[in-house]
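A.B. asks:
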């Protein structure tokens, strides 16, 4: 069928066709879910994050990934990568380290259950070199942008209806 399309095309339009084919060959459409802070608060609460921790968790997600479910940081100095909303590192928690028992690709999905479960594990089990628990301090973004700061009350979001505004299509 593709050959018939080319034969039926007027020769005068072939340069435009070539440009269109090249453009479509280099651009693909992806579905990216970008959550706003209230979407994050509602979803985290639905996945069992306690109300009294929501402000810190939302701040953590916004500081690490800006609410993008498909965020990947490939620029760590040790060659490791960070994945998803919580920027979970493959050196320890997914992939080769796999303390969460989840593939890193699972942390990039729109359904955030596995990402939340892994982040909760990091929160509960993450330690420093002295064996002291780090809790939220396991995340550099939280330490830089959330720790010791007055955070917006995200529990108010639980009373607001969800708008499903977090679904975007973007070109890459």
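Residue numbers (my numbering): 155 to 326. The beta carbon of each residue, even a glycine, is placed where N, CA and C say it ideally should be.
(1) Is it true that the CB of residue 316 sits closer than 8 Å to the CB of residue 205?
(2) Kindly provide the ranges of any alpha helix (DSSP H) runs that are 4 or more residues long and lie completely inside the segment 191–263, ordered along the chain.
(3) What's the call for residue 209, buried or exposed, on a 16-neighbour Cβ count within 10 Å?
(4) From 310, 235, 221, pick the residue whose C-alpha is nearest to that of residue 251; which is it?
(5) On the DSSP bridge assignment, give the partners of residue 287 in chain order.
(6) Is the beta carbon of residue 240 less than 8 Å from the beta carbon of residue 214?
(7) When DSSP labels each residue in this structure, what does residue 303 get in the three-state scheme?
(8) When burial is assigned at 16 or more other CB atoms within 10 Å of the CB, is residue 233 buried or exposed?
C.D. replies: Quick answer:
(1) no
(2) Fully contained in the segment 191–263 are the following alpha helix (DSSP H) runs of length 4 or more, in chain order: 191–200, 208–219.
(3) When all chains shown are included, residue 209 counts as buried.
(4) 235
(5) 281
(6) In contact: residue 240 and residue 214 (Cβ atoms closer than 8 Å).
(7) Under the three-state reduction of DSSP, residue 303 is assigned to coil, being neither helix nor strand.
(8) exposed
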